[in-house]
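One structure below.
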Amino acid sequence: MAKTATKSAKKSAAKAAPKAAAKTAAKVTAKAAPKVTAKAKAKPAKKPSIKLSMLRPSVNNMTVRVFARAAGLDPAETDAWGHTRSPEFLARNPAHLTPMIEDKSLPRGVLWESCAIMQYLANKHGLEKFYPKAPAKRAMIDSAMFYLVGTLYPYVARATYPALGFPQYAGEVGHSDAHPDKKSEAQKAAMAAITEPLEVFHSFFRNGKPFIGGNNPSIADIRLGATLEFLAVVDYALPKWAKEYMAALEKKLGKAYAEPAGDVRGYIAHVKSQARA
Ligand SMILES: N[C@@H](CCC(=O)N[C@@H](CS)C(=O)NCC(=O)O)C(=O)O
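Quick note on numbering: the sequence shown equals residues 7 to 283 in the numbering used here.
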């Protein structure tokens with residue numbers, strides 16, 4: 007979704023997006039408070055909170071939302087739907103892209119691109135479990151993510167964005183004045199082209215292991231799992247290994263995965279029901 011979403015897609019997403027749960031503050035009266043012992047005084051380490059601007063139906067956004075939850079980073083999320091081209095947003099982020107985090111220690115105060123955000127946060131908070139420090143292991147994670155963003159994702163976007171009601175990436179035939187037959191041809195060709203890079207993730211990057219990261223999901227696995235979610239909108243027949251891989255990822259990450267995935271799945275169910283009506 008590189009461009010502003012269409013009006014109908016905006017409406018659909020607003021409907022599909024669940025409202026943020028209201029936060030309730032616990033009140034403890036001085037009278038009721040127990041006597042504080044030296045042991046009780048030691049507060050648990052506060053989880054770092056990150057400010058994240060996001061769009062709920064997007065898998066680029068789902069990626070960072072899953073990662074932040076899985077890493078215990080307590081994301082304070084702002085729904086940017088309909089605001090990415092506002093003067094305020096553009097002043098901070100001229101690329102108008104989400105996910106975007108705000109962090110005073112960054113030279114320009116903000117950072118976009120899902121993979122760069124995960125790499126930065128993993129580096130900053132020492133989250134080696136998701137992004138190994140050893141150069142050779144890290145290189146494989148980086149290679150998988152760059153391959154995804156550079157090769158697999160453009161095919162996924164071309165194949166699914168028309169059905170999702172999202173505008174195409176710049177340069178796509180779907181974004182041009184080309185005849186609808188040409189657009190449909192490009193969409194079908196992209197569907198067919200997904201097979202090869204998908205198989206590369208399985209045979210090369212996973213190489214017999216449960217995840218690209220080995221026995222535990224890495225940031226590359228989160229990026230891949232989220233990406234594959236979109237294929238449901240075109241009823242893409244995922245190979246058996248991919249279905250099992252996605253289920254294993256969700257099982258390992260639990261609510262951290264299921265909650266943001268629920269927003270994407272809810273949106274897909276919504277657009278599919280609209281298409282049937
Ligand atoms: N490669 C980027 C893609 C980001 C992207 O396309 N973001 C879209 C949502 S999926 C967006 O924010 N579009 C709003 C706009 O362009 O105004 C990433 O992985 O973060």
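Note that CB positions come from ideal geometry on N, CA and C, so glycine has one too.
The beta strand (DSSP E) enclosing residue i, as first and last residue numbers
i: isoleucine 107; result: 106 to 108
i: tryptophan 118; result: 116 to 118
i: isoleucine 2; result: Examination of residue 2 is not possible in this model, given that the chain is present from 7 through 283 alone.
i: aspartate 85; result: 81 to 85
Cβ neighbours of residue i in the same chain (closer than 6 angstroms, five flanking residues each side left out)
i: leucine 133; result: Ala77
i: methionine 197; result: Ala165
i: tyrosine 263; result: Val72, Glu256
i: alanine 281; result: none
Other residues of its chain near residue i: CB distance less than 8 angstroms, five sequence neighbours each side excluded
i: proline 138; result: Arg144, Ile147, Gly219, Ser224
i: glutamine 193; result: Arg164, Ala165, Pro168, Gly180
i: threonine 157; result: Pro203
i: lysine 261; result: Arg75
i: glycine 115; result: Arg98, Glu108, Asp109
i: valine 270; result: Arg62, Pro63, Ser64, Val65, Met68, Ala232, Glu235, Phe236
Distance CB(residue i)-CB(residue j) smaller than 9 angstroms
i: alanine 101; j: serine 59; result: no
i: proline 81; j: alanine 74; result: yes
i: alanine 248; j: methionine 151; result: no
i: alanine 238; j: isoleucine 274; result: yes
i: phenylalanine 207; j: leucine 127; result: no
i: glutamate 265; j: methionine 252; result: no
i: proline 245; j: glutamate 205; result: yes
i: isoleucine 107; j: leucine 117; result: yes
i: lysine 110; j: threonine 84; result: no
i: asparagine 222; j: lysine 135; result: yes
i: threonine 90; j: leucine 112; result: no
Heavy atom of ligand 1 within 8 angstroms of residue i beta-carbon
i: valine 206; result: no
i: phenylalanine 172; result: yes
i: threonine 166; result: no
i: histidine 181; result: no
i: glutamate 94; result: no
i: proline 105; result: yes
i: alanine 86; result: yes
i: tyrosine 126; result: no
i: glutamate 178; result: no
i: histidine 102; result: yes
i: threonine 157; result: no
i: leucine 58; result: no
i: asparagine 66; result: yes
i: glutamate 119; result: yes
i: glycine 71; result: As written in the sequence, residue 71 is arginine, which differs from the glycine given in the question. Checking every heavy atom of ligand 1 against the Cβ of arginine 71, none is found closer than 8 angstroms.
i: leucine 61; result: yes
i: arginine 75; result: no
i: threonine 90; result: yes
Residue i - containing alpha helix (DSSP H), residue span
i: threonine 69; result: 65 to 76
i: serine 224; result: Here serine 224 belongs to no alpha helix (DSSP H), and DSSP marks it neither H nor E.
i: aspartate 148; result: 141 to 153
i: methionine 168; result: For the sequence presented, residue 168 should be read as proline rather than methionine. Residues 159 to 170.
i: valine 270; result: 261 to 282
i: leucine 204; result: 201 to 206
i: alanine 97; result: 93 to 98
CB contact below 9 angstroms: residue i versus chain B
i: serine 149; result: No chain B appears in the structure shown, which is made up of a single protein chain.
Cβ-based neighbour list, residue i, same chain, cut-off 7 angstroms, excluding 5 preceding and 5 following
i: serine 120; result: Asn66, Thr69, Val70, Pro105, Arg229
i: lysine 278; result: Val239
Original post:
Should the region 223 to 239 be regarded as contacting the region 256 to 269, the criterion being three or more beta carbon pairs within less than 8 angstroms?
Top reply: yes
Original post:
Would the region 197 to 209 and the region 155 to 165 be scored as touching if the rule is three or more Cβ pairs under 8 angstroms?
Top reply: yes
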